[in-house]
Amino acid sequence: MCQDQSFLDLKVTIDEVRCGLNSPSINPFALRRTEFENLIRVCGSRNVKDLHYFQQLFWMGHSAAVWDCRAATEITKDWNGIDQIVLRNPRGALARVSLHGAQVTSWRNEHGEELLFTSSKAIFKAPKAIRGGIPICFPQFGTCGSLELHGFARNRMWFIDDNPPPLPANDSIGKSFVDLLLKSSEEDMKCWPHSFEFRLRVSLTTDGDLNLISRVRNINGKPFSFSFAYHTYLLVSDISEIRIEGLETLDYLDNLLQKERFTEQGDAITFESEVNPLESLHLDRQKFSTSLIFPWQVDRVYLSSPNIIAVLDHERKRTFVMRKEGLPDVAVWNPWDKKAKSMVDMGDEEYKQMLCVDGAIFEKPVILKPGEEWTGRLQLSVVASSFCSERLGLDRDGL
Numbered sequence: 001m002c003q004d005q006s007f008l009d010l011k012v013t014i015d016e017v018r019c020g021l022n023s024p025s026i027n028p029f030a031l032r033r034t035e036f037e038n039l040i041r042v043c044g045s046r047n048v049k050d051l052h053y054f055q056q057l058f059w060m061g062h063s064a065a066v067w068d069c070r071a072a073t074e075i076t077k078d079w080n081g082i083d084q085i086v087l088r089n090p091r092g093a094l095a096r097v098s099l100h101g102a103q104v105t106s107w108r109n110e111h112g113e114e115l116l117f118t119s120s121k122a123i124f125k126a127p128k129a130i131r132g133g134i135p136i137c138f139p140q141f142g143t144c145g146s147l148e149l150h151g152f153a154r155n156r157m158w159f160i161d162d163n164p165p166p167l168p169a170n171d172s173i174g175k176s177f178v179d180l181l182l183k184s185s186e187e188d189m190k191c192w193p194h195s196f197e198f199r200l201r202v203s204l205t206t207d208g209d210l211n212l213i214s215r216v217r218n219i220n221g222k223p224f225s226f227s228f229a230y231h232t233y234l235l236v237s238d239i240s241e242i243r244i245e246g247l248e249t250l251d252y253l254d255n256l257l258q259k260e261r262f263t264e265q266g267d268a269i270t271f272e273s274e275v276n277p278l279e280s281l282h283l284d285r286q287k288f289s290t291s292l293i294f295p296w297q298v299d300r301v302y303l304s305s306p307n308i309i310a311v312l313d314h315e316r317k318r319t320f321v322m323r324k325e326g327l328p329d330v331a332v333w334n335p336w337d338k339k340a341k342s343m344v345d346m347g348d349e350e351y352k353q354m355l356c357v358d359g360a361i362f363e364k365p366v367i368l369k370p371g372e373e374w375t376g377r378l379q380l381s382v383v384a385s386s387f388c389s390e391r392l393g394l395d396r397d398g399l
């Protein structure tokens, strides 16, 4: 765009916005910061009337009253030709959602830094699930049933839902979002004979928070039950630098020990010991199972957990904060070196850069009667690592 054209477009845009036009020549709310600064630099010396008004509109982009969600949502295709939805916020944060599994495959902050792990060997082609991002585990999480691992929803093609049932206004206003839909197919009915509608809303807030809202409705003539998880792959600096707060003193099921039940005793979970208690079975099992330091694969489900969990990355001096609703359990998983080397879709050393912390339903599956609907919410945000367990106590109710 030449300087003269920029000058004219900006003058026209200010008049259009002042008149209430919904689609001005230049959308101040969809501009990236660098684009905005270049435009202001070009026009600043031209004495553009009400230039300050345009500047205010740009910085008001995070206001629910003016944020144009439609301008911040784009449909593109990945390298396999599968549609993906790109969500943006006014500060430059971004999220990508694939129709393959309704899976969030990328979440970037305003600095362009990726926050979710995806393996360099991930397979982006059905029927293989994508190793990374946030797979949707439904109607089974893990191996707690007769279906394939983590259920079939993450391996199905979803559809954009153009007319979803309404959600509360605060789940829409000020956010860029997409609504996706999965319905039971003939193939699904063969392995899980229940009719359902699964609606998922993925949204990106003006602060860069990532929100997921799942709604499962029973449209069957009889009750059915299911387990569930947002299988969230967090990208971390190094697993040895990570600390999880909010799960201390909870009962958990250890999937590496036939789902045996134990109780945590420490103040946080870290991943940096040199002693593998699984190789020291002469020790009292209850004693070593309460250790919160993992030097090997961890695969646990913490039960009746608080609705807010913190994952601290000491090297990057930031904290992932998970807030949840309708998801009583939290799964923690890292394959460690031996398991990672046996996985065709994961690099041998990539376990060091990832950690799964999942809002889940595991111990007590949801039972839906005909016509009933279940809702599960997850919010992910990133804050400075001054966030600590003391603040957890102030916000235990989560969303």
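According to full-length UniProt numbering, numbering within the sequence shown proceeds without interruption in unit steps and concludes at 399.
Glycine residues also receive a C-beta, built at the ideal position from the N, C-alpha and C atoms.
Predicted, not measured: the structure shown is a model, and the values here were computed from it.
{"Query": "Below 8 Å between beta carbons: does that hold for L181 and R199?", "Result": "yes"}
{"Query": "Which two residues bound the contiguous alpha helix (DSSP H) that contains A153?", "Result": "From DSSP, A153 is part of no alpha helix (DSSP H); its letter is neither H nor E."}
{"Query": "Inspect the beta-carbon positions of L327 and I361 and report whether they are closer than 8 Å.", "Result": "yes"}
{"Query": "Determine whether the beta carbon atoms of V330 and V298 lie at a separation below 8 Å.", "Result": "no"}
{"Query": "Take the Cβ of H150 as the centre, count every other Cβ of all protein chains shown within 10 Å, and call the residue buried at 16 or more, exposed below.", "Result": "buried"}
{"Query": "Under three-state DSSP, which class holds W59?", "Result": "Confidence in W59 is poor, its pLDDT being 45 and thus under 50, which makes the residue's placement unreliable; the coordinate value appears in the next sentence. In this structure, W59 counts as helix in the three-state DSSP scheme."}
{"Query": "With a threshold of 7 Å, establish whether the CB of I85 neighbours any heavy atom of the ligand ADP.", "Result": "Ligands in the displayed structure: none, and consequently the ligand ADP is not present."}
{"Query": "Distance, Cα to Cα, H282 vs L257?", "Result": "Low confidence applies to H282: its pLDDT is 36, below 50, so where it sits in the model is not reliable, and the reading given next is rough at best. Taking the straight line joining both Cα atoms gives about 15 Å."}
{"Query": "Which same chain residues, not among the five before or five after T319, have their C-beta less than 6 Å away from its C-beta?", "Result": "A310, L312, V383, S385 and F387"}
{"Query": "For I219, which beta-bridge partners are listed by DSSP?", "Result": "Looking at the DSSP assignment, I219 forms no beta bridge with any residue, so it has no partner."}
{"Query": "Which residues mark the beginning and the end of the alpha helix (DSSP H) in which M189 is found?", "Result": "E186 to C191"}
{"Query": "I need the straight-line Cα distance from N307 to W79, nearest angstrom please.", "Result": "37 Å"}
{"Query": "In terms of alpha-carbon separation, which member of T143, H111, F196 and S172 lies closest to L253?", "Result": "T143"}
{"Query": "Going by the CB atoms, is the gap between L87 and T73 shorter than 8 Å?", "Result": "yes"}
{"Query": "Leaving aside the five residues before and after L250 along the sequence, list all residues of the same chain whose C-beta is less than 8 Å from its C-beta, in chain order.", "Result": "T263, E264, Y302, L303, S304 and S305"}
{"Query": "Considering only their Cβ atoms, is the gap separating A229 from C137 smaller than 8 Å?", "Result": "yes"}
{"Query": "Within 10 Å of its beta-carbon, does H231 have 16 or more other beta-carbons around it, so buried, or fewer, so exposed?", "Result": "buried"}
{"Query": "State the CB to CB distance for the pair E260 and H314, rounded to an integer number of angstroms; the pair is presumed to be in contact (CB under 8 Å).", "Result": "Rounded, the Cβ-Cβ distance is 31 Å, inconsistent with contact."}
{"Query": "Just confirm the distance between the C-beta atoms of L116 and G132, as a whole number of angstroms; I'd bet it's less than 8 Å.", "Result": "7 Å"}
{"Query": "Quick one: using the 10 Å Cβ neighbour count with 16 as the cut-off for buried, is K77 buried or exposed?", "Result": "exposed"}
{"Query": "Nearest to M189 by CA position, among G246, P139 and R91, is which residue?", "Result": "P139"}
{"Query": "So is P223 buried or exposed if we call it buried at 16+ other beta carbons inside 10 Å?", "Result": "exposed"}
{"Query": "Is it right to say C356 is buried, meaning 16 or more other beta carbons lie within 10 angstroms of its own, or is it exposed?", "Result": "buried"}
{"Query": "Could you give the DSSP three-state label for Q337: helix, strand or coil?", "Result": "The sequence shown places Asp at residue 337, not Gln. The answer is helix: DSSP assigns D337 an H, G or I state."}
{"Query": "Report the three-state DSSP secondary structure of Q103 (helix, strand or coil).", "Result": "strand"}
{"Query": "Can you say whether N218 is buried or exposed, counting buried as having 16 or more other CB atoms within 10 angstroms of its CB?", "Result": "buried"}
{"Query": "Do you know how far the Cα of G92 is from the Cα of M346?", "Result": "29 Å"}
{"Query": "Buried or exposed for P135, going by 16 or more other Cβ atoms inside 10 Å?", "Result": "buried"}
{"Query": "How should N163 be labelled, buried or exposed, when 16 other C-beta atoms within 10 angstroms of its C-beta is the threshold for buried?", "Result": "exposed"}
{"Query": "I think S176 touches S203, with their Cβ atoms under 8 Å apart; what is that distance to the nearest whole Å?", "Result": "7 Å"}
{"Query": "Could you pull out every residue in the same chain whose Cβ sits closer than 6 Å to the Cβ of K183, ignoring the five residues on either side in sequence?", "Result": "E197"}
{"Query": "Can you find the residues in the same chain that come closer than 6 Å, C-beta to C-beta, to P127, ignoring five residues on each side of it along the sequence?", "Result": "N155"}
{"Query": "Under three-state DSSP, which class holds D267?", "Result": "coil"}
{"Query": "Closest to P370 by CA distance: which of G112, S225 and N334 is it?", "Result": "S225"}
{"Query": "What's the C-alpha gap between K338 and E248?", "Result": "27 Å"}
{"Query": "Taking R215 and T375 to be in contact with their CB atoms under 8 Å, please state how far apart those CB atoms are, rounded to whole angstroms.", "Result": "5 Å"}
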